[in-house]
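No gaps in the numbering here: position 69 of the first sequence is 76 in the working numbering, and each next residue is one more.
Structure first, commentary second.
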Amino acid sequence: MQPLSFQIQKKLPGALGRAGVLSTPHGEIQTPAFVVVGTKGTVKALAPEQVASLGAQVVLANTYHLYLQPGDTRVRDQGGLHRMMHWDKPTMTDSGGFQAFSLGAAFGSNVSKIAKGNDAAQNSEEVTGDELEEPAGKLAKIDEDGVTFRSHIDGSEHKFTPERSIEIQHNLGAEMIFAFDECTSAQASYEYQKEALGRTHRWAERSLAAHKANGDAAQKQGLLGIVQGGRFKDLREESARFLAGLCPPAGGFDGFGIGGSFDKEDMYTAVGWVNAILPEDKPRHLLGIGEPADLFGGVENGCDLFDCVAPTRMARNGTIHTANGRINIFNAKFLDDLGPIDDGCACYTCSPRHGGAGYTRAYLAHLFRAKEMFAGTLASIHNLHFIIKLVADIRQSILDGTFTDFKTSFLARYYRK
RNA sequence: GCGUCGGUGGCGGAGUGGUCAAUCGCACUUGACUGUAAAUCAAGCGGCUUUAUGCCUACGAAGGUUCGAAUCCUUCCCGGCGCA
Numbered sequence: 008m009q010p011l012s013f014q015i016q017k018k019l020p021g022a023l024g025r026a027g028v029l030s031t032p033h034g035e036i037q038t039p040a041f042v043v044v045g046t047k048g049t050v051k052a053l054a055p056e057q058v059a060s061l062g063a064q065v066v067l068a069n070t071y072h073l074y075l076q077p078g079d080t081r082v083r084d085q086g087g088l089h090r091m092m093h094w095d096k097p098t099m100t101d102s103g104g105f106q107a108f109s110l111g112a113a114f115g116s117n118v119s120k121i122a123k124g125n126d127a128a129q130n131s132e133e134v135t136g137d138e139l140e141e142p143a144g145k146l147a148k149i150d151e152d153g154v155t156f157r158s159h160i161d162g163s164e165h166k167f168t169p170e171r172s173i174e175i176q177h178n179l180g181a182e183m184i185f186a187f188d189e190c191t192s193a194q195a196s197y198e199y200q201k202e203a204l205g206r207t208h209r210w211a212e213r214s215l216a217a218h219k220a221n222g223d224a225a226q227k228q229g230l231l232g233i234v235q236g237g238r239f240k241d242l243r244e245e246s247a248r249f250l251a252g253l254c255p256p257a258g259g260f261d262g263f264g265i266g267g268s269f270d271k272e273d274m275y276t277a278v279g280w281v282n283a284i285l286p287e288d289k290p291r292h293l294l295g296i297g298e299p300a301d302l303f304g305g306v307e308n309g310c311d312l313f314d315c316v317a318p319t320r321m322a323r324n325g326t327i328h329t330a331n332g333r334i335n336i337f338n339a340k341f342l343d344d345l346g347p348i349d350d351g352c353a354c355y356t357c358s359p360r361h362g363g364a365g366y367t368r369a370y371l372a373h374l375f376r377a378k379e380m381f382a383g384t385l386a387s388i389h390n391l392h393f394i395i396k397l398v399a400d401i402r403q404s405i406l407d408g409t410f411t412d413f414k415t416s417f418l419a420r421y422y423r424k
C-alpha cells in the first residue's frame with residue numbers, strides 16, 4: 008500500500024508539464040499546486056482557516072525548526088503536526104537539508120540559493136571549494152555522516168544524520184517527507200557541487216532505508232528524494248538518474264524534490280534536465296521556488312508542486328503582488344492611494360464588503376508604517392491568494408489547452424515596466 | 001526681577017577648542033527578500049557640483065578671543081526650575 012498515488016490528467020503538448028491529482032492519506036492535491044510554508048507549524052500571521060480559505064491544499068513545515076522547538080516528540084505527543092496546528096489537509100516536512108545551507112554556507116551573508124548575474128562561482132575566482140568562502144560564525148558544519156548544527160536559538164549543538172532526520176519526520180507525521188540532503192550555495196564551485204552531490208546521494212539511500220525500516224510510517228508517509236547538482240547539467244542529470252535508480256517498481260521514493268541552487272537565467276532549463284529523467288508517474292516538487300515567472304517555468308518543465316516563503320515573507324515586509332507587478336506598500340505615493348491593493352482580486356483583503364470596497368492601499372500603508380500586526384495578515388492573505396490562484400490558473404490552463412497564451416499574457420502584464 | 005540650568009540637523013539626544021556636516025536612536029526616502037536565522041535586512045538622509053582627502057551654509061542671535069569655535073568670553077533672545 009503506497010501512501011501517495013499520482014494520476015496525470017493532462018500533459019502540456021511538446022513540453023514536460025502536466026496537470027494531475029496527488030492522493031494522500033489526508034486528501035487529494037490538484038497539481039500543479041503551490042504549497043504554503045508554515046515552518047514552525049504555523050503559516051506566519053494566519054489562522055489555519057484563513058490559509059484554507061485561500062485555496063491552499065498543502066502546508067510545509069520544517070524538521071529542524073520543529074525539532075528544536077517544541078521538539079519532535081512533543082509534536083508527536085500532541086497528535087502530530089496536523090492535530091497540533093489544526094490543519095487537516097495534507098502536510099509536508101522539509102528534512103532540514105536547507106538549514107545546512109542557510110545556517111552554513113549562507114550564514115551571515117546575503118547569498119541566495121538563486122544566483123543572479125555575477126554571483127555564480129565561475130565569475131568569482133576566490134571560490135574554489137567549501138572552506139575558503141565559509142563565513143565565520145556559521146551554525147552548520149557538514150561531514151559525511153551528517154550536519155552538525157548550533158541552534159540559532161540558544162547555540163546548543165545538534166547533529167542531523169539522514170536517519171535522525173527521517174526519525175524526526177516520522178514523529179512529526181506529515182504525509183510527505185523529504186530525504187535529508189545538502190542544499191548547496193550557488194557560489195560553490197563545480198568540484199564542491201560534485202562532492203556534495205555524492206554525499207546527498209549517499210544520504211538519499213540512507214534516508215530511504217531508514218524510512219522503509221519503519222513499516223508503520225512508510226504506510227502513511229511518502230518519502231521524496233531530492234535531486235541536487237547546482238547549475239551543472241551533468242551533475243543534475245547524474246542526480247536524477249541516481250534517484251530514479253533507487254525506485255524499483257515496487258518501492259523506492261514516492262516522489263521527488265528538486266533542490267539546491269540555480270542560475271536565475273536558466274533555472275527552468277535545469278529543472279527540465281532533471282524532469283526529463285525522473286519517472287513520470289511520481290510527483291516532483293520544486294523546492295523553495297515561488298516567483299511568478301519561476302512558477303510558469305517550473306510547471307512547463309515538469310514540476311507539480313512548489314513551496315516558497317516569498318509570498319508570506321514579502322507580505323510581512325510590505326511587498327505586494329498585483330497583476331501589474333510588485334508594489335512596495337511603504338512607498339510614499341501609497342499614503343493617499345484610496346484604490347484597492349490589486350484591482351479585480353477576490354481575496355479577503357481586496358474584496359468589497361460592508362457596503363464598501365476592500366481595504367485600501369492607503370490603509371495598508373498606514374498599518375505597515377504603524378507596525379500593526381494586521382498589516383502582515385492582510386498582506387499575507389493577499390500574496391498567498393495571488394500565488395495559489397496563479398498556480399491553480401496555470402493548472403486550469405493546462406487542462407484547457409491555453410497554457411501558452413495564459414503564460415504570455417500574465418507575464419507581459421506582471422513584468423512590464 | 002534675582003539666581004540657576006539649558007538652547008545642536010524633522011524629533012529625541014551625543015559632542016564641550018582642532019581628526020565635526022557633527023556619534024546614536026526614531027522618523028523619513030528607496031532597495032532587497034525564492035525548501036523562513038527574516039513583522040527582517042541594506043543603502044541614503046544640510047545644499048551644490050567637475051561625487052571629491054571638493055566647495056558652500058550650519059550647532060538660538062550678534063559680536064569677540066584664537067592659527068583654529070558647536071565647544072571659550074560678552075550682550076541679547078527664548079525655555080525649564082528655584083526664590084521673590
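No residue lacks a Cβ here, since even glycine has one placed at the ideal position from N, Cα and C.
Got a sec, what are the start and stop residues for the beta strand (DSSP E) Phe108 sits in?
Position 101 of the first sequence, counting from 1, holds the residue named residue 108. Element bounds for Phe108: n/a, residue is neither H nor E.
Quick one: grab the DSSP three-state call for Met8.
Residue numbering aside, residue 8 sits at position 1 when the first sequence is read from its first letter. Residue state, collapsed to three classes: coil.
Separation of Gln85 from Val281, as counted between CA atoms:
In the first sequence, counting from the first residue as 1, residue 281 sits at position 274. In the first sequence, counting from the first residue as 1, residue 85 sits at position 78. Taking the straight line joining both Cα atoms gives about 38 Å.
Please name the residue, chosen from Gln9, Lys17, Met321 and Thr38, that lies closest to Lys396 on a Cα-to-Cα basis.
In the first sequence, the residue the question calls residue 396 occupies position 389. Closest option to Lys396, Cα to Cα, is Thr38.
Write down the C-beta distance between Met274 and Asp301 rounded to the nearest angstrom, noting that I regard them as a contact closer than 8 Å.
Locating residue 274 in the first sequence gives position 267, where the first residue counts as 1. Locating residue 301 in the first sequence gives position 294, where the first residue counts as 1. Correct: roughly 6 Å between the Cβ atoms.
Going straight from the alpha carbon of Ala372 to that of Ala147, what length do you get?
Residue numbering aside, residue 372 sits at position 365 when the first sequence is read from its first letter. Residue numbering aside, residue 147 sits at position 140 when the first sequence is read from its first letter. Whole-angstrom Cα-Cα distance: 38 Å.
Rounded distance between the beta-carbons of Thr319 and Leu391, thought under 8 Å:
Residue mapping note: residue 391 aligns to position 384 of the first sequence, counting from 1. Residue mapping note: residue 319 aligns to position 312 of the first sequence, counting from 1. Right, their Cβ atoms sit about 6 Å apart.
DSSP state of Phe41, grouped into three classes?
Here residue 41 refers to the residue found at position 34 when the first sequence is read from its first residue. Three-state DSSP puts Phe41 in a strand.
Can you list, in chain order, the stretches of the alpha helix (DSSP H) that have 4 or more residues and sit fully within the stretch 216 to 295?
222 to 227, 240 to 252 and 274 to 282
When DSSP builds the beta bridges, which residues end up paired with Arg83?
For this step, residue 83 is matched to residue 76 along the first sequence. Arg83 pairs with nothing; no bridge assigned.
For Pro347, which of helix, strand or coil comes out of DSSP?
Start at 1 with the first residue of the first sequence, and residue 347 comes out as number 340. Strand at Pro347.
Mind checking Tyr422: buried by the 16 CB within 10 Å criterion, or exposed?
In the first sequence, residue 422 corresponds to position 415, counting from 1. Label assigned to Tyr422: exposed.
Mapping DSSP to helix, strand and coil, what is Leu61?
Counted from its first residue, the first sequence places residue 61 at position 54. DSSP places Leu61 in coil when its eight states are reduced to three.
Is the stretch 230 to 239 close to the stretch 191 to 199, with three or more CB pairs under 8 Å?
yes
Rank Asn324, Gly332 and Ala419 by C-alpha distance to the C-alpha of His376 and give the top, closest one.
One-based indexing of the first sequence puts residue 376 at position 369. Reading the sequence as shown, one finds Arg at residue 376 and not His. The shortest C-alpha separation from Arg376 is found at Asn324.
Could you work out which residue in Gly21, Gln9 and Asp412 is closest to Gly279 when comparing CA atoms only?
The residue given as residue 279 occupies position 272 in the first sequence. That would be Gly21, whose Cα lies nearest to the Cα of Gly279.
Give every residue of the same chain whose Cβ lies closer than 8 Å to the Cβ of Thr7, excluding the five residues on either side of it in the sequence, and list them in chain order.
Absent from the model: residue 7. The displayed extent of the chain is 8 to 424, so no value can be given.
Whose CA, out of Pro347, Val398 and Asp311, lies closest to the CA of Leu61?
Translated into the one-based positions of the first sequence, residue 61 becomes position 54. Of the listed residues, the one whose Cα sits closest to Leu61 is Val398.
Do you know offhand how far Glu307's Cα is from Gly162's?
Counting from one through the first sequence, the residue named residue 307 turns up at place 300. Counting from one through the first sequence, the residue named residue 162 turns up at place 155. So the two alpha carbons sit approximately 42 Å from each other.
Within a Cβ cutoff of 8 Å, which residues of the same chain sit near Ala217, ignoring the five residues on either side of it in sequence?
Position 210 of the first sequence, counted from the first residue, corresponds to residue 217. These residues qualify, in order along the chain: Pro169, Glu170, Ile173 and Glu174.
Put Ser131 into one of helix, strand or coil per three-state DSSP.
The residue labelled residue 131 in the question sits at position 124 within the first sequence. Residue confidence for Ser131 is low, a pLDDT of 41 falling below 50, so the modelled location carries little weight; the figure read from the coordinates is stated next. Reduced to three states, the DSSP call for Ser131 is coil.
Starting from His304, trace the alpha helix (DSSP H) in both directions and tell me its first and last residue.
Within the first sequence, residue 304 is the residue found at index 297, counting from 1. Reading off the sequence shown, one finds Gly at residue 304, where the question assumed His. Pro299 to Glu307 is the span of the alpha helix (DSSP H), which, as asked, contains Gly304.
Within 8 Å, strictly: CB atoms of Ala107 and Val154:
Counting from 1 along the first sequence, the entry for residue 107 is found at position 100. Counting from 1 along the first sequence, the entry for residue 154 is found at position 147. Result yes, Cβ atoms of Ala107 and Val154 sit closer than 8 Å.
Beta-ladder partner(s) of His165, from DSSP
In the first sequence, the residue the question calls residue 165 occupies position 158. Looking at the DSSP assignment, His165 forms a beta bridge with Phe156.
Reducing DSSP to helix, strand and coil, say where Ile336 ends up.
Within the first sequence, residue 336 is the residue found at index 329, counting from 1. Three-state result, Ile336: coil.
Excluding the 5 residues flanking Ile15 on each side, which residues of the same chain have their C-beta closer than 7 Å to its C-beta?
The residue given as residue 15 occupies position 8 in the first sequence. Within the same chain, Ile15 has close Cβ partners Arg25 and Gly27.
Hey, out of Asp288, Val42 and Ala225, whose CA is closest to Met8's CA?
Reading the first sequence from its first residue, position 1 is the one you call residue 8. Ranking Asp288, Val42 and Ala225 by Cα distance to Met8 puts Ala225 first.
Give every residue of the same chain whose Cβ lies closer than 7 Å to the Cβ of Asp350, excluding the five residues on either side of it in the sequence, and list them in chain order.
As a working mapping, residue 350 is identified with position 343 in the first sequence. If we look at Asp350 and ignore the five residues flanking it on each side, it has no Cβ neighbours.
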